[in-house]
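Residue numbers (full-length UniProt numbering): 1 to 70.
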């Protein structure tokens, strides 16, 4: 899985990582595998993982699982 970047988001504790570049159906495979690995790592670390686009109320930017194609 090619992780091409990471960055913190506006909401405290919210992080993003970029998978790719990938070609064709490989992109979907990499996304599913990276999500599985993320779930296992957070489970082992005792950290709560939420894929909710806006997990707490307030004037925060949402994270709607956006996708960028180049």
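For glycine and all other residues, C-beta sits at the position ideal for the given N, C-alpha and C.
Host alpha helix (DSSP H) of residue i (start-end)
i: residue 31; result: 26–45
Boundaries (first-last residue) of the beta strand (DSSP E) holding residue i
i: residue 15; result: 15–19
i: residue 3; result: 3–8
Contact under 8 Å by Cβ, residue i with residue j
i: residue 56; j: residue 34; result: no
i: residue 20; j: residue 4; result: yes
i: residue 51; j: residue 42; result: no
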